[in-house]
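Residue 122 is where the sequence shown starts when you use this note's numbering, and the numbers rise one by one after that.
Heads up, the beta-carbon is just placed ideally off N, CA and C, and yes, glycines get one too.
It should be emphasised that the depicted structure is a prediction, and the values quoted were computed from it without experimental measurement.
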Amino acid sequence: MARRTLGAWAVLVVGSLTLTACGGSAKADNDKGPAEDSAARITISAKDGSTGASINATGVKVSGGELTEVKMTVAGTEQAVPGALSADGKAWKPKEQLERGTKYQISAVAKNAGGRTSAANSIFTTVTSANSFIGTYTPDDGSTVGVGMPVSFTFDKAISDRKAVESGITVSSSSGQKVVGHWFGAQRLDFRPEGYWKAGSEVTMKIDLDGVEGAKGIHGVQDKTVRFTVGRSQVSTVDATTQTMTVVRDGKTIRTIPISAGSPQNTTYNGQMVVSEKFVQTRMNGSTVGFGGEYDIPDVPHAMRLTTSGTFIHGNYWYTKGNPPFGRQGTSHGCVGLQDVQGAQGDTPAKWFYDNTLIGDVVAVKNSPDKTVAPDNGLNGWNMSWSAWTAGSAL
Numbered sequence: 122m123a124r125r126t127l128g129a130w131a132v133l134v135v136g137s138l139t140l141t142a143c144g145g146s147a148k149a150d151n152d153k154g155p156a157e158d159s160a161a162r163i164t165i166s167a168k169d170g171s172t173g174a175s176i177n178a179t180g181v182k183v184s185g186g187e188l189t190e191v192k193m194t195v196a197g198t199e200q201a202v203p204g205a206l207s208a209d210g211k212a213w214k215p216k217e218q219l220e221r222g223t224k225y226q227i228s229a230v231a232k233n234a235g236g237r238t239s240a241a242n243s244i245f246t247t248v249t250s251a252n253s254f255i256g257t258y259t260p261d262d263g264s265t266v267g268v269g270m271p272v273s274f275t276f277d278k279a280i281s282d283r284k285a286v287e288s289g290i291t292v293s294s295s296s297g298q299k300v301v302g303h304w305f306g307a308q309r310l311d312f313r314p315e316g317y318w319k320a321g322s323e324v325t326m327k328i329d330l331d332g333v334e335g336a337k338g339i340h341g342v343q344d345k346t347v348r349f350t351v352g353r354s355q356v357s358t359v360d361a362t363t364q365t366m367t368v369v370r371d372g373k374t375i376r377t378i379p380i381s382a383g384s385p386q387n388t389t390y391n392g393q394m395v396v397s398e399k400f401v402q403t404r405m406n407g408s409t410v411g412f413g414g415e416y417d418i419p420d421v422p423h424a425m426r427l428t429t430s431g432t433f434i435h436g437n438y439w440y441t442k443g444n445p446p447f448g449r450q451g452t453s454h455g456c457v458g459l460q461d462v463q464g465a466q467g468d469t470p471a472k473w474f475y476d477n478t479l480i481g482d483v484v485a486v487k488n489s490p491d492k493t494v495a496p497d498n499g500l501n502g503w504n505m506s507w508s509a510w511t512a513g514s515a516l
């Protein structure tokens with residue numbers, strides 16, 4: 122199935138033939154204009170009886186007249202599908218995206234300039250979940266993010282035609298930075314520029330995957346534009362040797378915070394890590410990340426995720442009050458801890474950092490005895506050279 126086959130327009134016209142009666146008035150026939158002679162031609166995007174129809178491009182168009190009535194329902198239930206008619210009466214489309222794997226019915230009536238009516242009908246089924254793929258993406262439309270935030274897609278099915286799928290996604294920035302995609306396996310595709318986004322830039326992501334064949338018999342269904350804003354630049358550097366974190370905003374140091382990184386037995390990853398989630402409080406259970414029953418804390422305050430595998434920068438209220446580790450020694454299981462209080466209510470270093478951090482801000486760790494974090498462990502592709510990154514593009 123070629124790209125856009127799902128959205129191909131099939132002409133369905135139902136109308137009576139014009140017959141010339143014997144002995145009719147030639148003058149009367151000649152007086153009829155072309156618009157009166159030709160019935161309005163109604164086009165329904167999905168052919169009657171078809172399967173695999175688009176959930177985005179379905180609609181009705183007319184030439185040589187105007188639509189007077191369009192009715193769309195879920196077949197067999199008579200559940201109405203709301204739609205909107207264009208101002209010129211030439212087109213109609215549903216107000217919302219259709220459901221996958223659902224049978225619909227469209228009935229349309231149009232009238233030409235001479236008042237002659239035409240009708241068309243189609244019963245069709247949209248592409249099923251089994252025969253389509255969707256990409257879950259970040260960041261969200263309308264969001265404001267830090268300079269390290271990549272565009273990241275995770276597809277619900279393995280993609281074999283990576284070139285076709287990557288070609289269907291374009292990411293551009295008002296800063297003019299070149300943006301390139303990189304595949305991490307068959308189901309994840311990230312985009313980023315060579316260096317961090319320029320502060321204040323506007324980024325536009327166009328998803329044009331409707332009908333794109335990502336694997337044999339598996340077609341995309343997404344067709345939308347997402348826009349987000351890059352906020353101020355903030356990069357915080359954790360030095361595991363001094364157990365301090367220096368917060369730099371727009372090129373100026375705004376605060377140095379004592380921290381407690383990983384212990385000698387459970388060191389913290391080195392490298393550039395991007396904040397991907399924020400929780401005022403969250404549970405941390407060691408058994409979920411390979412530490413057995415070593416800890417289970419139900420209310421870790423001011424937690425910000427840095428890796429998929431469980432590295433966070435977060436508040437710590439359970440430290441020994443008579444011997445606080447911050448700025449002195451690493452005591453965590455690999456996270457970066459900041460002084461805090463239980464309940465996440467106090468005026469603490471952890472709360473200050475949480476309040477001053479955006480999703481997409483960068484926390485860079487150096488001088489730890491551990492290895493550099495893997496680029497696909499979280500949104501951390503900045504740990505790849507530009508040449509390695511571009512080599513992972515299918516284009």
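- Contact between GLY256 and GLN343 holds, with the beta-carbon distance rounding to 7 Å and staying under 8 Å.
- Assignment of LYS284 by DSSP, reduced to helix, strand and coil, places it in the helix class.
- Within its own chain, the residues whose Cβ lies closer than 6 Å to the Cβ of SER354, once the five positions on either side in sequence are excluded, are VAL268, ALA320 and ASP371, listed in chain order.
- Per DSSP, the continuous beta strand (DSSP E) segment holding PRO215 begins and ends at 212 to 215.
- GLU398 counts as exposed, since fewer than 16 other C-beta atoms from the protein chains shown sit within 10 angstroms of its C-beta.
- Contact annotation: VAL266 and ILE434 have beta-carbon atoms that are not nearer than 8 Å.
- Here GLN393 is buried, its C-beta having at least 16 other C-beta atoms within 10 Å.
- Judged by beta-carbon spacing, ALA382 lies within the 8 Å limit of SER489, meaning their Cβ atoms are closer than that value.
- Only buried fits PRO422, as 16 or more other CB atoms lie within 10 angstroms of its CB.
- Put simply, the backbone Cα of VAL286 is about 8 Å away from that of ILE280.
- The beta carbons of ALA161 and VAL183 sit closer together than 8 Å.
- Sixteen is the threshold: when 16 or more other Cβ atoms of the shown chains lie within 10 Å of the Cβ of GLY451, as they do, the residue is buried.
- The Cβ-Cβ distance between ASP169 and PHE245 falls below 8 Å.
- With contact defined as three or more Cβ pairs closer than 8 Å, the stretch 459 to 473 and the stretch 493 to 507 are not in contact.
- DSSP places ALA509 inside the alpha helix (DSSP H), whose first and last residues are 507 to 512.
- Judged by beta-carbon spacing, LYS214 lies within the 8 Å limit of GLY180, meaning their Cβ atoms are closer than that value.
- ASP476 sits away from GLY436, with the two beta carbons spaced by 8 Å or more.
- Nearest in C-alpha terms to LYS299, of all of SER288, GLU315 and GLY306, is GLU315.
- With a cut-off of 8 Å on Cβ pairs, the stretch 296 to 310 is in contact with the stretch 500 to 512, counting three or more such pairs.
- Going by DSSP, PHE474 is part of the alpha helix (DSSP H) stretching over 470 to 476.
- Under the three-state reduction of DSSP output, TRP503 falls in the helix class.
- Comparing alpha-carbon positions, the option among GLY185, VAL351, ALA174 and ILE380 lying closest to SER357 turns out to be ILE380.
- About 7 Å separates the Cβ atoms of VAL484 and VAL396, confirming a contact at the 8 Å cut-off.
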